[in-house]
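Engineer: I am attaching a structure below and will ask some questions about it afterwards.
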Amino acid sequence: MNFAWRIYRRLAQAFPHEFKLAYGTDMTQLGEDVVKEIATRQGMAGLIRLIAYIALRVPIEYLSEVHADMRYAVRALLKSPGFAFVGIISMGLSIGLTTNVYSSKWALLFRDLPAAVNAKNLVMPEKPVSYYYIEQFREQKDLFAGVAAFQIGVPFNVTFQGNTNAKPERVFGQLVSADYFSVLGVVPQQGRLLSPELDKSGDAPVVVISDRFWRNRLNSSPNAVGQILRLNGQMAAIVGIAPKDFNGAFSINPAELFVPITAPAALAPELANDVLHQRNAKEFLAMMCLAPGGTIDSAEAALDAITRRLDAQDPSLPARTDKGRRVTLLPAGTRVPLPRELRPVLLGFFLLLTGLVMTLACTNLANMLIARGANRRKELAIRLAIGAGRFRLIRQMMAEGILLSLLGGIAGFAIAYGLTVLNSRFSPPMGVPIERDFSLDWRAALFAFGLALVCGIGFSLAPALQATRADLTPALKEGSALQLPGYRRFGLRNLLMVAQVAASLMLLLITGFLVMGIRKDSSIQTKFDPNAMLLLSIDPVRDGYPPENAQALFEKLPERLKAAAPARRIAFAAQPPFSIIDGDEALQLTAEDSGAASRVQQSVIEETIGAGYFAMLSEPILAGREFEERDQRKQTDGSKTSSSLAEPNNVLPAVLNETAAHGFFGNGNALGKHVRDDKHLYEIVGVVRNLKNGIGISQSVIFLPLTPRDFARAPADGITIMVRSDAGPFAETDALGAIRNEIALIDPYLNLFHVQTLSEYLDRSRASTRLAVQTYGGIGVFGLVLAAIGLAGITAYSVAQRRREIAIRTALGASRAQVLRLVLREGTALVGIGTVLGFLGAVAVAKILSALTNVFVEAFRIGTGDLRLLVGAPLLLAAVTMLACYFPARRSVKIDPLKALRQE
Amino acid sequence: MTETDLHSFLPLKPHWFHIMLSLAGGEQHGYGIMQEVLNRTTGKVRLWPATLYGSIKRLIEADLIEESDERPAPELDDARRRYYRLTSLGRRVLDAECERLQELVRTIRAKQSQAMVTE
Chain A
1 MNFAWRIYRR LAQAFPHEFK LAYGTDMTQL GEDVVKEIAT RQGMAGLIRL IAYIALRVPI
61 EYLSEVHADM RYAVRALLKS PGFAFVGIIS MGLSIGLTTN VYSSKWALLF RDLPAAVNAK
121 NLVMPEKPVS YYYIEQFREQ KDLFAGVAAF QIGVPFNVTF QGNTNAKPER VFGQLVSADY
181 FSVLGVVPQQ GRLLSPELDK SGDAPVVVIS DRFWRNRLNS SPNAVGQILR LNGQMAAIVG
241 IAPKDFNGAF SINPAELFVP ITAPAALAPE LANDVLHQRN AKEFLAMMCL APGGTIDSAE
301 AALDAITRRL DAQDPSLPAR TDKGRRVTLL PAGTRVPLPR ELRPVLLGFF LLLTGLVMTL
361 ACTNLANMLI ARGANRRKEL AIRLAIGAGR FRLIRQMMAE GILLSLLGGI AGFAIAYGLT
421 VLNSRFSPPM GVPIERDFSL DWRAALFAFG LALVCGIGFS LAPALQATRA DLTPALKEGS
481 ALQLPGYRRF GLRNLLMVAQ VAASLMLLLI TGFLVMGIRK DSSIQTKFDP NAMLLLSIDP
541 VRDGYPPENA QALFEKLPER LKAAAPARRI AFAAQPPFSI IDGDEALQLT AEDSGAASRV
601 QQSVIEETIG AGYFAMLSEP ILAGREFEER DQRKQTDGSK TSSSLAEPNN VLPAVLNETA
661 AHGFFGNGNA LGKHVRDDKH LYEIVGVVRN LKNGIGISQS VIFLPLTPRD FARAPADGIT
721 IMVRSDAGPF AETDALGAIR NEIALIDPYL NLFHVQTLSE YLDRSRASTR LAVQTYGGIG
781 VFGLVLAAIG LAGITAYSVA QRRREIAIRT ALGASRAQVL RLVLREGTAL VGIGTVLGFL
841 GAVAVAKILS ALTNVFVEAF RIGTGDLRLL VGAPLLLAAV TMLACYFPAR RSVKIDPLKA
901 LRQE
Chain B
1001 MTETDLHSFL PLKPHWFHIM LSLAGGEQHG YGIMQEVLNR TTGKVRLWPA TLYGSIKRLI
1061 EADLIEESDE RPAPELDDAR RRYYRLTSLG RRVLDAECER LQELVRTIRA KQSQAMVTE
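Going line by line, the protein sequences match chains A and B. Numbered per our numbering, the first sequence spans residues 1 to 904. Numbered per our numbering, the second sequence spans residues 1001 to 1119.
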């Protein structure tokens, strides 16, 4: 019985403070009164029930208090909607941004490839190799559990069965070796995948389709397996459907079709010229699954040794004595295989960006809550004095913070969702589709929500503790300046303020660097009306043309199209003009006869263009000539040239842009000189002005002529036909109709795609720039606004705190300007310190990131060299924040000393 | 207080009804309420202390009972205890609940006598 009584008393002590205050004594006494009676009447069972009931009641009472707290918090927030709005929006924006960045970038860079069981053990060499080498790698059974070969971004013109009259659709897929799926560890959802036993050369062509293809193009037909598709005009039977969410390795470029490399060349022009047996045709990516216990380092070393041995055996390759690794292995189990050393850098960058945004929002919330807590000091003191529990008050204030962050979290989800929708709608002007459809990640959402909650609790707890610690007596008197003994130089609030200014300046500068880098003169000035140029693409080989016929088609097209309507000028190119070409596809070129002792080497972007290209763009040739029809007939064969490099027939004409020409040959004349890579020798026949690309950057470019090989095997974009009309914008004439008719006359089955005017194309290009500029710019401005709000709050708070002091000063004859200066001094100091720290931080980050990776180099190089930004951003920040200080500071001048002092 | 507001409390929770019923006779302290309910129901309903005070708290919040500042005659007064009494709203709610229960009993009776007649 005694034991039961002790437990009862303990539990009675555990009730919420307010409850105990009202009923604690009564309840204890009642327990004391009844415990004996219950023990005698009901025995042990009664005592247990007595304890059970009280134990059950404790959490109920707490919950009801929480409920009350929340109701109170809702009322409090409704009472100050401005405070609530700013708090929710700032938390919402930062949570939304964080969730969005995490969902998209993270999924892209760090999440395992969906549906691939072996994702953790996948590696791939950075550069493509020949199929012969892959076969050699495959022999290394102790290193690799499997080695597959594949090509990504392979276009197929697909016609669906029973729909032969319809124009084919252009669908992207991969060419894969038969062991591709087993190396990845992928199992089919229907039918079978490819296997070396079942898929052999010379068999009837087969294809594996992705889940997306099955759903979107075959309407999830239950009879899909076994159906025949026409791929590039050839029949292929669907043998299986890949699992849901599997879009191939490298799924940033999602693949919908998987065609075995055993397929005939007519089906896949990529396989022409017996490419599987060309020892030097570096056309394939290798996907490797490490053997159990194998590491990426040992595999890399072993592969390097094998590659060196194979290279040395090949008499056609020039002897090389380079010391560096010839093979770099990347972990390949993600959607974008990334070099290992790049991962932490990118991770750091995104963490920094989102971290800065979160820091800003949280410090802002903290500032606001602290200022609010301080404003309520008197109210709290009164409540404490009449017996409110300190814990209860703290909980009440925390409820407000928690509610704010929860609402912020909900707003954040909405914003993240909106951003995702916006992202998936927007498609950059690239030939190969890019995966943009990233659903929100629940882990990201959970993380952001958790973070918001921690911030809400943490930053409402601190001011609540501070406010309720107040010594009651002075707090009850009006003189609320009591806690300000002169300057509190290192107060929590001041530190927060400096952090906020610094973080927002860093954010402003870093986003500014990026924006500048993207934007730098991104406006492309064409010398003619871009509405008067039409771009359209064809890819006759994939419409079933034998290569010779394709060549003939391209020979006669210009004449036929010129004859049709007012199309005056026609030119071909392997890509639309001003397109954004991936720097990864640059050629490593060496100047042959630069005259200097050391040969100049540089990495140059390659663009393949047809005859009359520059005339088409009204671009003057600075020296030499541009390509002519005869250049388009040059036979080059990528895989056979190496042995006959010196033959004059294999010297390709090339045009350099100014930057490239200057890089190779200095100020000297480039014409007639040569550059080479490990396959070709190029003779410079012309030099042109630098043309900007779609994102406004001009790089070193080498222009190479379109050759029969390009016509036989068009790039992902097809061959772009540029048609320029002299009769004005295409939209206003029926020139497009005339061109379509003419092409239909030549061949009604020829697939015309990417039909657009240059102006539309440039708009899409600019849209990508604009989105990036708006995103980063938005983040920067967001930081600026938050910092301004925070400073305004701090200043307003400090003015309220020093009311009495200011009143006395005014009474003693201080002028308005003196008072204003007094109030602004603190804010200025904080802004100054924050600005310096933020500036140094941003420059340091830019330097570190540039040193670690070349991803941002261009942006940071341009950005850090831009005085407008370097001077402008801190000035802008300082101006905005000082303005934010000024408005509340002005209130100090309006303090009536009589009133302020009488309240004492 | 309109009829509809009154009826929003009905039917009263059993604990609330018992507590209010014991206060119908006059003010009472927690122990008294407990004893009264126990006796009235011949030991069938025991309001455990924690439940009792939880209910009292909510009844006060609902404005159905209030703490009484009038103390009983000094010789009966237990100074350590708080006394509670019905508010006028509480009295009306209790009346409405009693009315409702009587109505229920009448209905049941009618049904039973009908059943007996048919037998």
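Backbone N, C-alpha and C fix where the C-beta goes; we use that ideal spot for every residue, glycine too.
(1) Under the three-state reduction of DSSP, which class applies to Leu745/A: helix, strand or coil?
(2) I'd like the list of long-range same chain contacts for Gly92/A, defined as Cβ closer than 6 Å, with 5 residues on each side in sequence excluded.
(3) How many angstroms separate the CA atom of Leu901/A from the CA atom of Arg803/A?
(4) Does the beta-carbon of Arg230/A have 16 or more other beta-carbons within 10 angstroms, so that it is buried, or is it exposed?
(5) Return the residues of the region 23-34 of chain A that lie within a Cβ-Cβ distance of less than 8 Å from chain B, sorted by chain order.
(6) Note down, in chain order, every chain B residue with its Cβ under 8 Å from the Cβ of Tyr53/A.
(7) Could you name the residues that DSSP lists as bridge partners for Arg676/A?
(8) What's the gap between the Cα of Ser80/A and the Cα of Ser104/A?
(9) Grab the span of the beta strand (DSSP E) containing Tyr1083/B for me, first residue to last.
(10) On the premise that Glu658/A lies in contact with Arg633/A, defined as a C-beta separation below 8 Å, what is that separation, rounded to the nearest angstrom?
(11) Thinking C-alpha only, which one of Met533/A, Ala712/A, Pro653/A is nearest Glu555/A?
(12) Any C-beta of chain A sitting closer than 8 Å to the C-beta of Gly1030/B?
(13) Using the beta-carbon of each residue, which ones in chain A are nearer than 7 Å to Gly1090/B?
(14) Please list the partners that Lys1044/B has in chain A, where partner means a Cβ-to-Cβ separation under 7 Å.
(15) Identify the contact partners of Phe19/A in chain B, using a Cβ-Cβ distance below 9 Å as the criterion.
(16) Given Thr590/A, which residues of its chain have a CB within under 8 Å of its CB, disregarding the five upstream and five downstream residues?
(17) Restricting to runs no shorter than 4 residues, where is the alpha helix (DSSP H) found entirely within the region 186-217 of chain A?
(18) Nearest by alpha-carbon distance to Ile808/A: which of Thr795/A, Arg816/A, Pro897/A, Ala787/A is it?
(19) Between the C-alpha atoms of Gly638/A and Glu628/A, what's the straight-line distance to the nearest angstrom?
(20) Of all Cβ atoms in chain A, is any one closer than 8 Å to the Cβ of Met1116/B?
(21) Grouping DSSP H, G and I as helix and E and B as strand, with all else coil, what is Glu619/A?
(22) Just the C-alpha distance for Asp26/A and Gly1030/B, rounded to the nearest angstrom, thanks.
(23) Identify the contact partners of Met1034/B in chain A, using a Cβ-Cβ distance below 8 Å as the criterion.
(24) Using a Cβ cut-off of 9 Å, pull out every chain B residue sitting near Ile48/A, in sequence order please.
(25) How many whole angstroms separate the CB atoms of Val58/A and Phe15/A, which I take to be in contact at a CB cut-off of 8 Å?
(26) Name the chain D residues that come within less than 8 Å of Arg1081/B, Cβ to Cβ?
(27) Using a C-beta to C-beta distance shorter than 7 Å, which residues of chain B count as neighbours of Arg57/A?
(28) Does any residue of chain B have a CB that is nearer than 8 Å to the CB of Ile60/A?
(29) Using CA atoms only, rank isn't needed, just tell me which of Ala573/A, Asp112/A, Leu193/A, Leu453/A is closest to Gly718/A.
(30) Measure the CB-CB distance between Phe123/A and Leu329/A and report whether it falls below 8 Å.
(31) Using a threshold of 8 Å, state whether the C-beta atoms of Met1034/B and Leu30/A are closer than that.
(32) For Leu786/A, which residues from the same chain have a beta carbon less than 6 Å from its beta carbon, with the 5 sequence-adjacent residues on both sides left out?
(33) Identify every residue that forms a DSSP beta bridge with Arg724/A.
(34) Could you tell me the alpha carbon to alpha carbon distance between Ser643/A and Phe664/A, rounded to whole angstroms?
(35) What residue range does the beta strand (DSSP E) around Pro125/A cover?
Structural biologist: According to the structure shown:
(1) Locating residue 745/A in the first sequence gives position 745, counting from the first residue. DSSP places Leu745/A in helix when its eight states are reduced to three.
(2) Here residue 92/A is taken as the residue at index 92 of the first sequence, counted from 1. The residues are Gly408, Ala411, Gly412, Ile415.
(3) What you label residue 901/A is simply residue 901 of the first sequence in a count that begins at 1. What you label residue 803/A is simply residue 803 of the first sequence in a count that begins at 1. Looking at the two C-alpha atoms, the distance is approximately 9 Å.
(4) On the first sequence, residue 230/A is found 230 positions in, with the first residue counted as 1. The residue is buried, with at least 16 neighbouring Cβ atoms inside 10 Å.
(5) Tyr23, Thr25, Asp26, Met27, Gln29, Leu30, Gly31, Asp33, Val34
(6) As a working mapping, residue 53/A is identified with position 53 in the first sequence. Residues of chain B passing the Cβ test: Trp1048, Pro1049, Ala1050, Thr1051.
(7) Within the first sequence, numbered from 1, the residue matching residue 676/A stands at position 676. In the DSSP output, where bridge partners are listed per residue, Arg676/A has Thr590/A, Leu681/A.
(8) One-based indexing of the first sequence puts residue 80/A at position 80. One-based indexing of the first sequence puts residue 104/A at position 104. Straight-line Cα distance between these residues: approximately 36 Å.
(9) As a first step, residue 1083/B is located in the second sequence; it is residue number 83 there, counting from the start. Segment 1083-1086, the beta strand (DSSP E) holding Tyr1083/B.
(10) As a first step, residue 633/A is located in the first sequence; it is residue number 633 there, counting from the start. As a first step, residue 658/A is located in the first sequence; it is residue number 658 there, counting from the start. Wrong, their Cβ atoms sit about 28 Å apart, outside the cutoff.
(11) As a first step, residue 555/A must be located in the first sequence, where it is residue number 555. Among Met533/A, Ala712/A, Pro653/A, the Cα nearest to that of Glu555/A is on Ala712/A.
(12) On the second sequence, residue 1030/B is found 30 positions in, with the first residue counted as 1. Closer than 8 Å: yes.
(13) As a position in the second sequence, residue 1090/B is number 90, starting the count at 1. Correct list: empty, because the minimum Cβ distance to chain A is about 18 Å.
(14) The residue you call residue 1044/B lines up with position 44 of the second sequence. By Cβ distance, chain A contributes nothing, its closest Cβ being about 13 Å from Lys1044/B, past 7 Å.
(15) Taking the first sequence and counting its residues from 1, one reaches residue 19/A at position 19. Under the 9 Å cutoff, chain B gives Tyr1053, Gly1054, Lys1057.
(16) The sequence position of residue 590/A within the first sequence is 590, counting from 1. Cβ neighbours of Thr590/A beyond the five flanking positions: Arg599, Val600, Gln601, Val675, Arg676, Asp677.
(17) 211-217
(18) Translated into positions along the first sequence, residue 808/A becomes position 808. Of Thr795/A, Arg816/A, Pro897/A, Ala787/A, the residue nearest in Cα terms is Pro897/A.
(19) The residue given as residue 638/A occupies position 638 in the first sequence. The residue given as residue 628/A occupies position 628 in the first sequence. Summary for Gly638/A: the model assigns pLDDT 47, below 50, so the residue's position carries little reliability, and this model does not support an answer.
(20) Along the second sequence, one-based indexing puts residue 1116/B at 116. Not closer than 8 Å to any Cβ of chain A, the Cβ of Met1116/B fails to qualify, so no.
(21) Here residue 619/A refers to the residue found at position 619 when the first sequence is read from its first residue. Three-state DSSP puts Glu619/A in coil, outside helix and strand.
(22) Taking the first residue of the first sequence as position 1, residue 26/A is located at position 26. Taking the first residue of the second sequence as position 1, residue 1030/B is located at position 30. The straight-line gap from Cα to Cα measures roughly 7 Å.
(23) Taking the first residue of the second sequence as 1, we reach residue 1034/B at position 34. Correct list: Leu30, Val34.
(24) In the first sequence, the residue the question calls residue 48/A occupies position 48. Under the 9 Å cutoff, chain B gives no residues; its nearest Cβ is about 11 Å from Ile48/A.
(25) As a working note, residue 58/A is residue 58 in the first sequence. As a working note, residue 15/A is residue 15 in the first sequence. About 6 Å separates the two Cβ atoms, so the contact holds.
(26) Looking for chain D here will not work: the only protein chains present are A and B.
(27) Sequence index remark: in the first sequence, residue 57/A carries index 57 (1-based). In chain order: Ala1050, Thr1051, Gly1054.
(28) As a position in the first sequence, residue 60/A is number 60, starting the count at 1. With 8 Å as the cut-off, Ile60/A counts as an interface residue toward chain B.
(29) What you label residue 718/A is simply residue 718 of the first sequence in a count that begins at 1. Comparing Cα positions, the closest option is Ala573/A.
(30) Taking the first residue of the first sequence as position 1, residue 123/A is located at position 123. Taking the first residue of the first sequence as position 1, residue 329/A is located at position 329. Strictly speaking, residue 123/A in this sequence is Val, with Phe absent from that position. Yes, these two residues count as a Cβ contact at 8 Å.
(31) In the second sequence, counting from the first residue as 1, residue 1034/B sits at position 34. In the first sequence, counting from the first residue as 1, residue 30/A sits at position 30. Going by beta carbons, Met1034/B and Leu30/A fall inside the 8 Å limit.
(32) Here the question's residue 786/A lines up with position 786 in the first sequence. Answer for Leu786/A: Ser90, Leu360, Asn364, listed in chain order.
(33) Numbered from 1 along the first sequence, position 724 holds the residue referred to as residue 724/A. The partner list for Arg724/A (beta bridge, DSSP) reads Met533/A, Arg569/A.
(34) Against the first sequence, residue 643/A aligns to sequence position 643. Against the first sequence, residue 664/A aligns to sequence position 664. Any reading at Ser643/A must be qualified, since the residue scores a pLDDT of 41, below 50, and its modelled position is unreliable; the value itself is stated next. Rounded to whole angstroms, Ser643/A to Phe664/A spans 25 Å at the Cα level.
(35) Reading the first sequence from its first residue, position 125 is the one you call residue 125/A. 122-125 is the extent of the beta strand (DSSP E) around Pro125/A.
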